[in-house]
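Okay, so the sequence shown: first residue is 0 according to numbering that gives the first Met the number 0, each after it adds one. C-beta: ideal position from N, C-alpha, C; glycine also.
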Amino acid sequence: MLDVKAIRKNFPILDRKVYGKPLVYLDNAATSQKPHSVIQSLVDYYEGYNANVHRGVHALSMEATDKYEEARHKVARFIGAPKPESVIWTRNTSEAINLVAYTWAAANIKAGDEIVVSQMEHHSNLVPWQKVARDNGATLQVIPITKEGVLDPSQTDSFITRKTKLLAINQVSNSLGTINPVKSLTKKAHAFGAKVLIDGAQSVPHMPVDVKDLDCDFLAFSGHKMLGPTGIGALYVKPDVLEKMEPFLRGGEMVLEVWNDRATWNGLPMRFEAGTPNIADAIALGAAVDYLTALGMDNVREHEKQLTQYALSQLKQIEELDLFGPMDVSQRGGILPFHNSEVHPHDLGTYLDREGIAIRTGHHCTMPLMRAMGIVATARASLYIYNTEEEVDKLVAVLKDALRYFTDGTKRANRPG
Ligand SMILES: Cc1ncc(COP(=O)(O)O)c(C=O)c1O
Numbered sequence: 000m001l002d003v004k005a006i007r008k009n010f011p012i013l014d015r016k017v018y019g020k021p022l023v024y025l026d027n028a029a030t031s032q033k034p035h036s037v038i039q040s041l042v043d044y045y046e047g048y049n050a051n052v053h054r055g056v057h058a059l060s061m062e063a064t065d066k067y068e069e070a071r072h073k074v075a076r077f078i079g080a081p082k083p084e085s086v087i088w089t090r091n092t093s094e095a096i097n098l099v100a101y102t103w104a105a106a107n108i109k110a111g112d113e114i115v116v117s118q119m120e121h122h123s124n125l126v127p128w129q130k131v132a133r134d135n136g137a138t139l140q141v142i143p144i145t146k147e148g149v150l151d152p153s154q155t156d157s158f159i160t161r162k163t164k165l166l167a168i169n170q171v172s173n174s175l176g177t178i179n180p181v182k183s184l185t186k187k188a189h190a191f192g193a194k195v196l197i198d199g200a201q202s203v204p205h206m207p208v209d210v211k212d213l214d215c216d217f218l219a220f221s222g223h224k225m226l227g228p229t230g231i232g233a234l235y236v237k238p239d240v241l242e243k244m245e246p247f248l249r250g251g252e253m254v255l256e257v258w259n260d261r262a263t264w265n266g267l268p269m270r271f272e273a274g275t276p277n278i279a280d281a282i283a284l285g286a287a288v289d290y291l292t293a294l295g296m297d298n299v300r301e302h303e304k305q306l307t308q309y310a311l312s313q314l315k316q317i318e319e320l321d322l323f324g325p326m327d328v329s330q331r332g333g334i335l336p337f338h339n340s341e342v343h344p345h346d347l348g349t350y351l352d353r354e355g356i357a358i359r360t361g362h363h364c365t366m367p368l369m370r371a372m373g374i375v376a377t378a379r380a381s382l383y384i385y386n387t388e389e390e391v392d393k394l395v396a397v398l399k400d401a402l403r404y405f406t407d408g409t410k411r412a413n414r415p416g
């Protein structure tokens with residue numbers, strides 16, 4: 000298990016106060032905090048060996064190139080990728096998914112084909128497919144969910160058919176916490192010759208993810224949700240699929256030879272990385288992967304499972320709250336959405352904020368899901384390696400106050416400030 004006390008010491012921001020109260024950071028699904036080693040790796044690069052990569056013969060450039068490629072190796076190992084070249088740097092999950100939409104999907108999805116997604120996709124794994132479907136004359140099929148917030152088992156199978164060309168699905172829902180059975184879905188989709196893209200934005204930071212085991216064709220994730228900096232993410236593509244893909248962006252470094260009227264493409268992964276890349280942040284993502292690897296992803300998952308179990312047991316005691324997603328923690332990540340029919344989630348979020356507690360409120364970039372659930376927004380607490388039971392207790396206590404405050408007019412009138 001994790002030594003949370005020791006972990007917390009590695010995160011400088013956890014010492015700060017918000018409105019004079021100790022920060023309780025429960026917005027990890029939006030972005031995680033960064034340990035000192037990640038912050039220091041950025042400083043080390045800019046102070047010690049800042050140079051462009053893959054193009055210099057001088058010492059600094061070679062040092063930067065080595066560190067930059069070493070980070071790719073680390074990320075590849077972290078997700079079980081067979082080769083480092085099958086990991087392409089992107090800005091984030093959204094860009095990784097768009098890369099697939101603009102390259103593989105644009106070339107391979109044909110009129111009459113179907114792209115299958117679920118009702119619980121983040122807009123980043125829905126809107127790009129709407130464009131592909133529209134441009135290529137394909138149809139988007141949406142697997143419905145049950146009241147418990149899981150894929151409807153009675154319907155899921157019927158959505159994956161010989162017409163399916165692509166299944167694009169999240170491994171963990173950012174709005175419900177649901178863990179989807181992506182391995183079995185991948186097997187099923189492959190049986191019909193379809194490709195599978197997994198949105199790993201909420202899974203790669205929180206549990207062991209192995210692309211060889213899942214056998215997915217694409218895996219997209221963001222560095223900033225897994226202790227790394229913003230502006231860096233990755234797309235894994237199965238080597239035989241990647242080999243046949245056309246470039247996404249064109250320009251320097253992604254070419255081998257250029258004439259006035261044509262060009263040939265560089266090898267992998269450079270073919271997909273036009274221009275000067277985000278060197279510092281890629282290296283810092285490598286440091287984030289080192290940190291998570293040292294903790295052990297099984298331990299990370301176990302910690303979150305136990306804390307989620309505890310949080311659910313506490314939140315369930317607040318009768319006025321509706322909770323969403325599966326109640327069995329073996330089927331959910333550390334994402335805790337809640338809702339009260341009389342109080343807008345933004346009001347809850349603002350009240351909690353005044354007590355130093357950071358949560359997210361809104362539609363969480365899943366408007367079709369909110370519509371399907373018959374609400375417009377939820378409040379969402381999301382957990383990570385540095386969160387504690389004491390923080391959950393604080394959330395629950397302040398939440399109870401907030402609900403009393405907003406549903407009892409006399410309290411509101413008497414509240415100081
Ligand atoms: C499941 C899921 N997919 C995609 C994204 C998009 O990630 P990014 O904003 O880093 O591109 C998020 C972000 O919250 C997410 O939770």
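With which residues is L184 paired in a DSSP beta bridge? Looking at the DSSP assignment, L184 forms no beta bridge with any residue, so it has no partner.
List the endpoints of the continuous alpha helix (DSSP H) containing G285. I278 to L294
Quick check on DSSP: helix, strand or coil for Y404? helix
Return yes when the C-beta of H205 is under 7 Å from any heavy atom of ligand 1, and no when it is not. no
Between which residues of its own chain and G230 is the CB-CB distance below 6 Å, once the five residues before and five after are set aside? R90, N277 and D280
Helix, strand or coil at G416 [DSSP, three-state]: Residue confidence is low: G416 scores 46 on pLDDT, short of 50, so the model does not pin down where it sits. Its coordinate-derived value is still stated next. It is coil, neither helix nor strand.
Give the range of the beta strand (DSSP E) segment to which L241 is assigned. No beta strand (DSSP E) contains L241, which is instead part of the alpha helix (DSSP H) from P238 to E242.
State yes or no: is the C-beta of F10 within less than 8 Å of the C-beta of G148? no
From the DSSP output, read off the bridge partner residues of K16. P21
Express the C-alpha separation of A106 and L241 in angstroms, rounding to a whole number. 13 Å
Would you kindly check if the distance between the Cβ of R379 and the Cβ of L311 is under 8 Å? no
Would you say the beta carbon of N27 comes nearer than 7 Å to a heavy atom of ligand 1? no
Which runs of the beta strand (DSSP E) fall wholly inside the stretch 11-94 and span at least 3 residues, in chain order? 86-89
Proximity winner among G79, Q140, D346 and G333, relative to P207 (alpha-carbon distances): G79
Report the rounded CA-to-CA distance for Q420 versus A137, giving the unit in angstroms. Nothing in the structure corresponds to residue 420, since the chain is present only between 0 and 416.
Within its chain, find whatever has a CB closer than 7 Å to the CB of G416; leave out the 5 residues flanking it on each side and keep chain order. Since pLDDT at G416 reaches only 46, below the 50 mark, its modelled position is unreliable, and the value read off the structure follows with that caveat. Hits under 7 Å: none found.
If you draw a straight line from the alpha carbon of D156 to that of A401, how long is it in whole angstroms? Near 43 Å, if we compare the C-alpha coordinates of A401 and D156.
Which residues does DSSP pair with Q140 in a beta bridge? V115
Tell me whether R7 sits in a helix, a strand or coil according to DSSP, three-state version. helix
Checking 8 Å against the spacing of the C-beta atoms, do Q118 and I159 come in under that value? no
Under 7 Å from any heavy atom of ligand 1, does the C-beta of N91 make it? yes
Of the residues D112, H121, L255 and S202, the one placed nearest K304, counting alpha carbons only: S202
Does DSSP put A200 in a helix, a strand or coil? coil
Contact test: A100 Cβ vs ligand 1 heavy atom, cutoff 7 Å: Answer for A100: no, Cβ out of range of ligand 1.
Sorry if obvious, but does the Cβ on C364 come closer than 7 Å to a heavy atom of ligand 1? yes
Measuring from the CB of D198, is there a heavy atom of ligand 1 at a distance below 7 Å? yes
DSSP beta-bridge partners for E319? Bridge partners of E319: none, in fact.
Is Q32 near ligand 1, with its Cβ less than 7 Å from a heavy atom? no
Taking 6 Å as the limit between beta carbons, can you name the residues of its chain near S172, skipping five residues before and five after? M119
contact_flag[the stretch 329-345, the stretch 381-397] where n(CB pairs < 8 Å) is 3 or more: Contact between the stretch 329-345 and the stretch 381-397 is present, because at least three Cβ pairs lie under 8 Å.
Just the C-alpha distance for A5 and T387, rounded to the nearest angstrom, thanks. C-alpha separation (whole angstroms): 12 Å.
How far does the alpha helix (DSSP H) with N135 in it reach, from first residue to last? V126 to N135
Kindly examine ligand 3 and report whether one of its heavy atoms sits closer than 7 Å to the Cβ of F323. Of the ligands this structure carries, namely ligand 1, none is ligand 3.
Can you give, in chain order, each stretch of the beta strand (DSSP E) that sits fully within the stretch 294-369 and has at least 3 residues? 334-338 and 359-361
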